[in-house]
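Quick notes on the structure that follows.
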Amino acid sequence: MKLYSTNLKAPEVSFQEALITGLAPDRGLYMPKSLPTFSKEEIDSFKDVSYPEIAYRVLNKVLEGEVDDKSLKAIIYDAYNYDVPLEKVDDITYIMRLDRGPTASFKDFAARMMARLMQYYLKKEERQLTILTATSGDTGSAVAHAFYGLDNIRVIVLFPQDEVSDRQRKQMTTLGENITALSIDGKFDDCQAMVKQAFADEELSHLNLSSANSINIGRLVPQSIYYFYAYLKLRDYPEELIVSIPSGNFGNMMGCVLAKTMGVPIKKILASVNENDEVPTFLDCGKYAKIVPSKNCLSNAMNVGHPSNLSRLIAIYGGEMDEIGNISKEPDMESLRNDIYSGSVTDSETKATIKEIYEQYGILIEPHGAVGVKGLLEFRSQTGDNTLAVTLETAHPAKFPEHVKNETGVEPELPQSLKEVEGKEEYMDYLSTDYSGFKKYLQEKLI
Ligand SMILES: *Cc1c(COP(=O)(O)O)cnc(C)c1O
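Quick note: the sequence shown, position 297, residue 282 per my numbering, numbers continuous.
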């Protein structure tokens, strides 16, 4: 597997290198030059097998020659030890719940695979690595859990002290061992800036710092698997499938694009967004303008005014977009529109959808999942296309108890994984936003 950079000014690299470095040296994002394809018969032959087994059969082909079979199988079975329920809403609509992992967010799917693959390569080369990551909540906890207990990697998570919920904080601070939580007296953007500065700091280059953010190709590839799974679990019914994906940075949607490229018969990909509607506008009129600052909506993990994965999408459709959003070559807009539809959902529609899905079907969803559902309903009403559809629930309702309770009157029950952190002791260090203090901290901590 060879990967190229979307900015086209960096050499091609192996999967291992793309995984360990994250961003290409020309600041572009890595994309596979080619992917294996699966015939319909081949995909159908995966029916009746478990989630990890489907993941193994797909990834074994995608990562052929990159990871030995036995290790790959062990990594996958260790990463995917939780349920992936498909809940029926009505005859043509299902909700796939990606909220049953250890941090109750779909980010577990990607983070757990990425962590184990990194560990595999580092162990082989007897190398150590430190992951630095800034988080506004969900990513940090998924990353911390995914890397927890691995030998060759330590993780330092920076979070804004007043901007994460108690529960989010506890998911990062109660682990210990190779996970260090840093409470920063500042905002998410300050944490992000400190991390970026550390990566660029020559005097820290001997510390082997790496990032685990959503632009890493190691996070996208595992996010293609649950689209195979959805199709297979519903396979007696559909020839084709529509998928609605609550989207922010568009990594989840790129996983779906990869799955479609590999042969999963997906008729249309619905990238459903909140009021940050730069992508629907781009698909409508062909002009791209980021939203600065991004709008604060209820589905807060999707408050993204310039999704970094957009340059990957544009690359797949033959165009070129750099990291700041300038398009130097137009993608094939007609095929793009043919494959992808993007609809924007307001906060009031989000709330109404949480209420409606509970009252009509007895199903609890949270704001991100509600954007997915409403995006699908809008698409149907505009096009009259009633093809069987799956919409994704990307977080557990118990992560957003107040919104869920306001609309439904129901207090969502905490899953076991979130309950566990409640009584545990918290460990964290406190720093200001001053870079030199942070630098000194890293130099002392990481010797
Ligand atoms: C990160 C996140 C999203 C958005 O996913 P992208 O891959 O960034 O589009 C949606 N829902 C939840 C709950 C998330 O944490």
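Don't be surprised by glycine CBs; every beta carbon is placed ideally from N, CA and C.
Inter-residue Cα distance where the pair is residue i and residue j
i, j, result
"aspartate 75", "asparagine 261", "29 Å"
"leucine 217", "serine 56", "25 Å"
"isoleucine 342", "isoleucine 348", "6 Å"
"glutamate 392", "proline 231", "19 Å"
"histidine 353", "tyrosine 346", "18 Å"
"isoleucine 61", "glutamate 27", "20 Å"
"asparagine 237", "glutamine 401", "25 Å"
"aspartate 53", "cysteine 270", "46 Å"
"alanine 286", "serine 366", "27 Å"
"threonine 124", "phenylalanine 91", "10 Å"
"glycine 408", "arginine 322", "50 Å"
"arginine 220", "aspartate 29", "8 Å"
"proline 397", "arginine 82", "15 Å"
"methionine 306", "leucine 362", "31 Å"
"asparagine 281", "asparagine 288", "6 Å"
"alanine 131", "leucine 403", "15 Å"
"valine 334", "valine 389", "The question names valine, yet the displayed sequence has glutamate at residue 334. Straight-line Cα distance between these residues: approximately 14 Å."
"leucine 373", "isoleucine 77", "4 Å"
"methionine 239", "leucine 298", "7 Å"
"lysine 424", "serine 190", "12 Å"
"cysteine 241", "glutamate 429", "42 Å"
"tyrosine 214", "threonine 376", "13 Å"
"isoleucine 80", "threonine 266", "26 Å"
"glutamate 410", "isoleucine 164", "14 Å"
"lysine 73", "valine 358", "13 Å"
"serine 209", "alanine 95", "10 Å"
"proline 37", "glycine 422", "44 Å"
Assigned secondary structure, residue i (DSSP; H/G/I helix, E/B strand, else coil)
i, result
"methionine 16", "strand"
"threonine 154", "One point to set straight first is that residue 154 is arginine, not threonine, in the sequence displayed. Three-state result, arginine 154: helix."
"alanine 256", "strand"
"tyrosine 36", "helix"
"valine 74", "strand"
"alanine 9", "coil"
"leucine 140", "It is worth fixing the name first, because residue 140 is valine in this sequence and not leucine. Three-state result, valine 140: strand."
"serine 195", "strand"
"alanine 374", "strand"
"serine 279", "coil"
"aspartate 221", "coil"
"alanine 355", "helix"
"valine 206", "helix"
"methionine -14", "coil"
"tyrosine 62", "helix"
"lysine 46", "helix"
"proline 382", "helix"
"glutamate 305", "strand"
"serine 366", "helix"
"leucine 399", "coil"
"lysine 314", "strand"
"serine 320", "helix"
"leucine 349", "coil"
"serine 232", "coil"
"isoleucine 200", "coil"
Neighbourhood of residue i by C-beta, 8 Å cutoff - its chain only, sequence neighbours within 5 removed
i, result
"threonine 120", "Ser126, Val128, Val142, Leu143, Phe144, Val149, Met157, Phe173 and Cys176"
"lysine 275", "Glu263, Gly290, His291 and Gly310"
"glutamate 224", "Pro250"
"isoleucine 202", "Leu(-12), Phe0, Ala3, Leu4, Leu14, Tyr15, Met16 and Pro17"
"leucine 20", "Val47, Leu243, Thr246 and Met247"
"glycine 161", "Tyr412"
"phenylalanine 364", "Ile227, Ser229, Lys253, Leu255, Tyr326, Gly328 and Asp370"
"serine 417", "Ile169, Asp170 and Gly171"
"glutamate 51", "Met(-14), Ser(-1), Phe0 and Gln1"
Same chain, Cβ closer than 6 Å to residue i, five either side skipped, listed in chain order
i, result
"serine 304", "Note that residue 304 is glycine in the sequence shown here, rather than serine. Cβ neighbours of glycine 304 beyond the five flanking positions: Lys314, Glu315 and Pro316."
"alanine 197", "Ile116, Thr118 and Val128"
"lysine 336", "Glu392"
Residue(s) in a DSSP beta bridge with residue i
i, result
"proline 145", "Ile169"
"glycine 328", "Ser257"
"leucine 117", "Ile141"
"asparagine -2", "In the sequence under discussion, the amino acid at residue -2 is valine, which differs from the asparagine named in the question. Answer by DSSP bridge pairing, in chain order: Leu(-12)."
"serine 421", "Its beta-bridge partners do not exist; DSSP assigns none."
"arginine 82", "Glu378"
Sequence-distant residues of its chain with Cβ nearer than 7 Å to residue i (five each side left out)
i, result
"aspartate 147", "none"
"phenylalanine 23", "Met247 and Gly248"
Heavy atom of ligand 2 within 7 Å of residue i beta-carbon
i, result
"threonine 368", "Absence of ligand 2 is noted for the structure shown, with ligand 1 being the only ligands found."
task = Please determine if the region 325 to 335 and the region 33 to 46 are in contact, where contact requires at least 3 C-beta pairs separated by less than 8 Å.
result = Verdict: no, contact absent.
query = Three or more beta-carbon pairs under 8 Å between the region 379 to 386 and the region 60 to 72, yes or no?
reply = Under the Cβ criterion (8 Å, minimum of three pairs), the region 379 to 386 does not count as touching the region 60 to 72.
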